[in-house]
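J.:
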Amino acid sequence: MIVSDLLDLRAETTDGETVGWTVDARLVLDGPLDGPLARPRLVGLVVSPHTRTSFLGFERAQVPAPWLIARPLRRLHRGTFLVRWEDIARLPLPAERRDPDRRSAVVLRAGYGRHDPRL
Amino acid sequence: MNRLLGVALGILTAIGGFLDAGDLVTNAVVGSRFGLSLAWVVGLGIVGICVFAHMSGKVAAVSGRATFEVIRERLGPRAAGLNLVASLAVTVLTLIAEVGGIALALQLASSVDHRLWVPVAALAVWLVLWRVKFKVMENVTGLLGLTLIGFAVAVFLLGPDWGELAAGLAPSVPANESTTTYWYYAVALFGAAMTPYEVFFFSSGGVEEKWTVRDLATSRLNVLIGFPLGGFLSVAIAACAAIVLLPRGIAVDSMAQLVLPVAQAGGMLLVAVVIVGIAAATFGAALETALSTGYTLAQYLGWSWGKFRRPAHAARFHLSMIVALVVAVAVLATNVDPVAVTEYSVVFSAVALPLTYLPILVVANDPEYMGEHTNGRALNAVGSVYLVVLTVVALAAVPLMIVTRAGS
Amino acid sequence: MTGDTQPSGRILDARLHLLDHQVLDRDDVPVMVVGDLELEDAEPGGPAPYVTSLVTGPVLGARIFGGRAPASRWQRLPWRLVADVGVVIKIAADAESLDLAWVERWVRDQVIARIPGGRHGP
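Protein chains in written order, with this note's numbering: chain C, 188 to 306; chain E, 2 to 409; chain L, 12 to 133.
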């Protein structure tokens, strides 16, 4: 599995309701030591309700400037949340992602938690 | 004292290094058709290039990251790839114009046909890229390029009616030109002043010279004094054309016409001085554009790059510059007019600008990169205004080109 | 939203901190740009997967044009070589010693080093 298999996917509930798009994957360096650093573990996916584009990092870093760029991007990404790995019920298979006819989406478990996405 | 000398040298090379074939040709063409009524665009472009070169230099000095690395990081592979294709196209187009420009300058000096000079010029450019130290390369071409001051001298020698000349600075469309043509040349002048390769070169040059936070003040002085003085020379070129060529109805379409006013003002001696300047400025810009093709490709794709390394330690970087030069020679061999290529390259560079400047503005505000050296409010305000201007210019460039049939 | 759920340890977002960032070797020689990250295969419901390597090569084309590069063509840099993640990613190895440097080596040995002066500093 590569991380782009998990990005830019629709995220939906078990009822098939779209809740947003996966814009990033959250990793934490808390695995066993693997070389000089700990191994990064996939703790969850960052889901943005209004847009599938994620760039410049403004949506999660607390950089307010320049206003002209920060303001609209923050607005576009309002309501972004983190879904933890345990709350993911189903991931599309790589073959499904390539096939535009199939509905490839990350399915979130019923009662999944919306966590603060800030770093 | 040594430090002061270094600062002075930096400023002088920035003046000489600012001008390239695009600035020379566009300013002369505009001066001969519109007088000084478009000089305000040069001012607008100079402030813009100062703002963005300063930011990209600051990012390079503080974080050690060159501009195209930042572009890929922030825009992702797709938008950055689009920018890479556009920037490479413009940079190679400019390289073609510069190599052609060197050949034309050599033709003026020697009366040997410029097509014969093209391979010689390209080989000389490659040899410098291959063997000459970055600092030496920059200083020699920059200082020789300073002889373009001959254009400013020529303006004084021509002894124009200064009041009339100053009155011509007001933005207005001449009676025999259309409004769309006026705006088309406004875009061209703006693109000539703000070409993207200048920031690629400036920021990568900062990495080549291993700038640190301590070099910030020097970098700022180079930009804030050197570029405006370079812009002053641009206006002097336009003024020469406005004084001598405009009243006679001669529209510049060759290098020879560029030096006509200088010949009238100062005779053969001043022409010789100015030709040295044209050759040095185009040669310097050919080096900068060739390097920029290598810098952008290597930084996007993660190759080892830099003139401070031995060629064998930056193999793909050097190979891409060789390929760019071969392409330039091949295109010039088809007998295209380098002056026409120049006119197109400045307009297309206006199209490519926003995708280059947006990531610089963003990263210059990111404390992860910049620590305490993030942009202040004033710089952000000016940068944001320019982002809007750049976007408008980029959107308007191609439609204006089509409507005016490239200004003809 | 619920608070205080951030697990301990340093947090990295794949896109923000790793993808498209420059990798430098121990002598600051550029090695690659991170094209993708390889994770262990994992099923939802099971334990969370770990990142095993940074990937470059044809994965870049897949991210630009869509599709998916076959795993056999991924060029991997194992995570155990990664020494530091900052604005750039530093590895504790020489670029020269890595398999993925083969293109650079090929261009150097077949073209650049054969031109006179290619092996000397300017």
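Just so you know, even glycine gets a beta-carbon here, dropped at the ideal spot from N, CA and C.
Can you tell me whether residue 405 of chain E is buried or exposed, with buried defined as 16 or more other CB within 10 angstroms of its CB?
T.: buried
J.: Would residue 262 of chain E pass as an interface residue toward chain L - the criterion being a Cβ-Cβ separation below 9 Å?
T.: no
J.: So with CB distances below 7 Å, who are the chain C contacts of residue 35 of chain L?
T.: In chain order: nothing, as chain C lies at least about 14 Å away.
J.: Is any beta-carbon of chain E found at less than 9 Å from that of residue 31 of chain L?
T.: yes
J.: Output, in sequence order along the chain, the residues in the stretch 308 to 324 of chain E whose CB is closer than 7 Å to any CB in chain L.
T.: Listed by position along the chain: 308, 311, 312, 313, 316, 317, 319 and 320.
J.: Does residue 345 of chain E get closer than 9 Å to chain L when you measure Cβ to Cβ?
T.: no
J.: Quick check on the DSSP output: the beta strand (DSSP E) that includes residue 199 of chain C runs from which residue to which?
T.: 197 to 200
J.: Relative to chain E, which residues along the stretch 34 to 58 of chain L have a C-beta separation below 9 Å, given in chain order?
T.: 34, 39, 40, 41, 42, 43, 44, 45 and 46
J.: Given a cut-off of 9 Å on the beta-carbon distance, is the pair residue 64 of chain L and residue 79 of chain L in contact?
T.: Remark: C-beta atoms of residue 64 of chain L and residue 79 of chain L do not approach each other more closely than 9 Å.
J.: Would residue 191 of chain C pass as an interface residue toward chain L - the criterion being a Cβ-Cβ separation below 9 Å?
T.: By this cut-off, residue 191 of chain C is an interface position.
J.: Distance, Cα to Cα, residue 123 of chain E vs residue 130 of chain E?
T.: 11 Å
J.: Please classify residue 39 of chain L as buried or exposed, where buried requires at least 16 neighbouring CB atoms within 10 angstroms.
T.: exposed
J.: Can you pull the chain L residues whose beta carbon is under 8 Å from the beta carbon of residue 222 of chain C, in chain order?
T.: 89, 90, 91, 92, 93, 94 and 103
J.: Suppose the cutoff is 6 Å on Cβ atoms and the five residues either side in sequence are ignored; what does the same chain contact list for residue 95 of chain L look like?
T.: 101
J.: In chain C, which residues lie less than 8 Å from residue 362 of chain E when you measure between Cβ atoms?
T.: Contact annotation for residue 362 of chain E against chain C: 253 and 256 [CB-CB distance below 8 Å, chain order].
J.: If you drop the 5 nearest sequence neighbours on each side, which residues of the same chain put their C-beta closer than 7 Å to that of residue 325 of chain E?
T.: 93, 96, 291 and 294
J.: Does residue 84 of chain E get closer than 9 Å to chain B when you measure Cβ to Cβ?
T.: As a matter of chain content, chain B is missing from the structure shown, whose protein chains are C, E and L.
J.: Quick check: the Cα distance between residue 332 of chain E and residue 257 of chain E, rounded to an integer number of angstroms?
T.: C-alpha separation (whole angstroms): 22 Å.
J.: If residue 20 of chain E and residue 259 of chain E are in contact, beta carbons under 8 Å, what's the gap, nearest whole angstrom?
T.: With a Cβ gap of about 12 Å, residue 20 of chain E and residue 259 of chain E do not count as contacting.
J.: Taking its Cβ as the centre, do 16 or more other Cβ atoms sit within 10 Å of residue 403 of chain E, making it buried, or is it exposed?
T.: Label assigned to residue 403 of chain E: exposed.
J.: Using C-beta distances below 7 Å, list every residue in its chain close to residue 31 of chain L, excluding the 5 sequence neighbours before and after it, in chain order.
T.: Counting only Cβ-Cβ distances below 7 Å, and skipping sequence neighbours, we find 44 and 45.
J.: Do you know how far the Cα of residue 68 of chain L is from the Cα of residue 334 of chain E?
T.: Going from the Cα of residue 334 of chain E to the Cα of residue 68 of chain L covers about 36 Å.
J.: My parser needs the alpha helix (DSSP H) runs of 4 or more residues fully inside the stretch 115 to 181 of chain E; what are they?
T.: 115 to 132, 135 to 146, 150 to 159 and 163 to 168
J.: What is the DSSP secondary structure of residue 301 of chain E, reduced to helix, strand or coil?
T.: helix
J.: Report, in whole angstroms, the separation of the C-beta atoms of residue 191 of chain E and residue 399 of chain E, which I expect to be a contact under 8 Å.
T.: Their Cβ separation, rounded to whole angstroms, is 14 Å, which puts residue 191 of chain E and residue 399 of chain E out of contact at 8 Å.
J.: Which term fits residue 177 of chain E, buried or exposed, when burial requires 16 or more other beta carbons within 10 angstroms of its beta carbon?
T.: exposed
J.: Does DSSP put residue 126 of chain L in a helix, a strand or coil?
T.: Residue 126 of chain L: coil per DSSP, three-state reduction.
J.: With a threshold of 8 Å, are at least 3 pairs of Cβ atoms found where one atom belongs to the stretch 155 to 163 of chain E and the other to the stretch 6 to 19 of chain E?
T.: no
J.: In chain order, what residues of the same chain have a beta carbon less than 8 Å from the beta carbon of residue 375 of chain E, not counting five sequence neighbours either side?
T.: The answer, listed in chain order, is 365, 366, 367 and 368.
J.: Cβ of residue 344 of chain E within 9 Å of Cβ of residue 407 of chain E?
T.: yes
J.: Is residue 202 of chain C buried or exposed, if buried means 16 or more other CB atoms sit within 10 Å of its CB?
T.: exposed
J.: Is it right to say residue 346 of chain E is buried, meaning 16 or more other beta carbons lie within 10 angstroms of its own, or is it exposed?
T.: buried
J.: Within the 9 Å Cβ cut-off, does residue 135 of chain E reach chain L?
T.: yes
J.: When we look at the beta-carbon of residue 202 of chain E and count the other beta-carbons within 10 Å, is it buried (16 or more) or exposed?
T.: buried
J.: According to DSSP, residue 101 of chain L sits in a beta bridge with which residue or residues?
T.: Looking at the DSSP output, residue 101 of chain L sits in a beta bridge with L/35 and L/95.
J.: Between which two residues does the beta strand (DSSP E) holding residue 208 of chain C run?
T.: 205 to 221
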